[in-house]
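J.: Provided herewith is a single structure, encoded as structure tokens, for subsequent inquiry.
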Amino acid sequence: GEEFKLWQKTRKWSIKQFDEIYKELNINFKETFYESDFIEKGIKQIKELKDKKILIESENAIIADLNEYNLGVLVIMRSDGTALYPTADIPLAIYKLTKFKLDKSIIVVDVRQSLYFKQLFKLLELLGYKQEMIHLSYEFVKLPSGMMSSRTGNIITYTELKEKLINKAKNEIIKRHEKWSTRKINETANTLATAIMKFEMLKVDANQIINFDIEKSLKFEGYTAGYIEYTYARISSILKTFDKENIKLKLDSKTTNTLEDAKERDIILKIAKYPETIEKAAKTYNPSMLAKYLFELAQLINDYYHAIPILKANKERKNAKILLVKSSNQIIKNGLNLLGIEVLEEM
Numbered sequence: 009g010e011e012f013k014l015w016q017k018t019r020k021w022s023i024k025q026f027d028e029i030y031k032e033l034n035i036n037f038k039e040t041f042y043e044s045d046f047i048e049k050g051i052k053q054i055k056e057l058k059d060k061k062i063l064i065e066s067e068n069a070i071i072a073d074l075n076e077y078n079l080g081v082l083v084i085m086r087s088d089g090t091a092l093y094p095t096a097d098i099p100l101a102i103y104k105l106t107k108f109k110l111d112k113s114i115i116v117v118d119v120r121q122s123l124y125f126k127q128l129f130k131l132l133e134l135l136g137y138k139q140e141m142i143h144l145s146y147e148f149v150k151l152p153s154g155m156m157s158s159r160t161g162n163i164i165t166y167t168e169l170k171e172k173l174i175n176k177a178k179n180e181i182i183k184r185h186e187k188w189s190t191r192k193i194n195e196t197a198n199t200l201a202t203a204i205m206k207f208e209m210l211k212v213d214a215n216q217i218i219n220f221d222i223e224k225s226l227k228f229e230g231y232t233a234g235y236i237e238y239t240y241a242r243i244s245s246i247l248k249t250f251d252k253e254n255i256k257l258k259l260d261s262k263t264t265n266t267l268e269d270a271k272e273r274d275i276i277l278k279i280a281k282y283p284e285t286i287e288k289a290a291k292t293y294n295p296s297m298l299a300k301y302l303f304e305l306a307q308l309i310n311d312y313y314h315a316i317p318i319l320k321a322n323k324e325r326k327n328a329k330i331l332l333v334k335s336s337n338q339i340i341k342n343g344l345n346l347l348g349i350e351v352l353e354e355m
């Protein structure tokens with residue numbers, strides 16, 4: 009009927025808008041699943057689950073009684089025949105586990121669904137699926153004006169947020185680079201805005217509420233994407249100046265032994281912890297560890313180049329300092345790329 013046609017139309021709008029957003033954020037998916045594609049499979053599967061006594065009828069509804077596992081009762085289908093989330097989620101999980109031959113499945117959904125996923129994982133286990141299944145939950149995003157709520161109107165859309173960040177970024181860039189072309193200003197502002205959005209989300213532990221403050225996020229100081237990007241751009245500028253001298257860098261003990269300053273040792277120790285930080289972040293599914301590490305490395309580099317002139321020294325000493333900041337900059341670039349953030353060579 010007309011309702012179905014309207015649903016199809018708005019669904020197409022939504023999918024198109026999501027695809028545009030993902031493209032802007034440089035996010036790609038190997039395969040996209042839609043709930044409507046799995047509902048019918050789930051309804052057919054209910055009979056199989058009832059035959060196995062995993063699901064039962066209760067007051068004309070279909071439920072999973074998981075009380076013996078201290079997981080309460082999960083309603084699969086209401087008494088009026090309305091199929092609920094598990095009806096699609098069970099066949100979807102089975103499809104992903106079998107098609108991609110997964111040893112581990114990580115589902116990223118907000119913290120309010122914690123009990124539901126414990127129940128879902130238990131059902132899959134009872135069906136014989138022993139793969140490791142993890143619900144990577146995350147907390148709410150809060151604005152300075154309070155919790156976001158569509159009911160109270162205290163929300164900001166992706167488009168509104170992106171436009172605000174781009175406009176504010178443009179103003180900051182123009183202050184520093186009046187002679188830049190409009191195209192370069194726009195491209196830099198767009199890259200910076202995307203970096204800010206990603207970093208502000210990823211720098212906070214998933215178990216903590218994210219306080220998204222647009223004004224603070226745009227600062228080029230403190231725990232922000234702008235600060236790290238500015239540090240990277242500043243060092244890149246120094247490296248470009250050095251490259252003009254056409255001096256071949258040589259890594260040997262005679263060169264590195266000149267790095268005796270306490271600030272230099274601190275940077276070397278920080279660089280050495282990079283692989284360990286990535287490993288810990290991966291094992292705990294916590295990208296905020298890497299974000300914090302990159303911020304701390306940027307702080308050390310900033311302190312260093314403000315205190316010690318990098319390009320003023322004899323050949324061996326200069327080479328050593330350049331190798332140090334070049335290595336640091338490469339780590340910042342690699343680390344931000346792991347977080348899905350593009351670096352800016354100029355700011």
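Just so you know, my numbering puts 211 at position 203 of the sequence shown, and the rest follows in order with no gaps. Note that the Cβ used here is the ideal one computed from N, Cα and C, for glycine as well.
By how many angstroms is the C-alpha of ASN215 removed from the C-alpha of ASP45?
T.: In a straight line, the C-alpha of ASP45 is about 32 Å away from that of ASN215.
J.: Buried or exposed: which applies to ASN342, given that a residue is buried once 16 or more other Cβ atoms fall within 10 Å of its Cβ?
T.: ASN342 should be labelled exposed.
J.: Per DSSP, what kind of secondary structure is ALA214 in: helix, strand or coil?
T.: It is coil, neither helix nor strand.
J.: Would you tell me roughly how many angstroms separate the C-alpha atoms of LYS170 and GLU32, rounded to the nearest one?
T.: Straight-line Cα distance between these residues: approximately 10 Å.
J.: If we call anything under 9 Å between Cβ atoms a contact, is ASP221 one with PRO152?
T.: A contact, by the Cβ cut-off of 9 Å.
J.: Tell me the DSSP bridge mates of LYS112?
T.: Paired residue(s): GLU140.
J.: Starting from LYS334 and walking both ways along the alpha helix (DSSP H), at which residues does that stretch end?
T.: Segment 323 to 346, the alpha helix (DSSP H) holding LYS334.
J.: Starting from SER157, follow its DSSP beta bridges and name the residues at the other end.
T.: BP columns for SER157 point to ASN162.
J.: Are the CB atoms of GLU237 and VAL333 within a distance shorter than 9 Å?
T.: Their beta carbons are not under 9 Å apart, which means VAL333 does not touch GLU237 by this criterion.
J.: How should GLY369 be labelled, buried or exposed, when 16 other C-beta atoms within 10 angstroms of its C-beta is the threshold for buried?
T.: One cannot answer for residue 369 here, as it falls past the ends of the chain, which runs 9 to 355.
J.: Can you tell me whether DSSP reads LEU57 as helix, strand or coil?
T.: DSSP places LEU57 in helix when its eight states are reduced to three.
J.: Consult DSSP for LYS150 and reduce its assignment to one of helix, strand or coil.
T.: If DSSP states are grouped into helix, strand and coil, LYS150 belongs with the strands.
J.: Alpha carbon to alpha carbon, what distance is there between LEU110 and GLU354?
T.: Cα to Cα, the separation comes out at about 42 Å.
J.: Between the beta-carbon of ILE84 and the beta-carbon of ILE54, is there less than 9 Å?
T.: Yes, the Cβ-Cβ distance between ILE84 and ILE54 is below 9 Å.
J.: Check ASN219 in the structure and name its three-state DSSP category.
T.: ASN219: strand per DSSP, three-state reduction.
J.: According to the neighbour-count rule (16 or more other Cβ atoms, all chains shown, within 10 Å of its Cβ), is HIS143 buried or exposed?
T.: Answer is buried; the Cβ neighbour count reaches 16.
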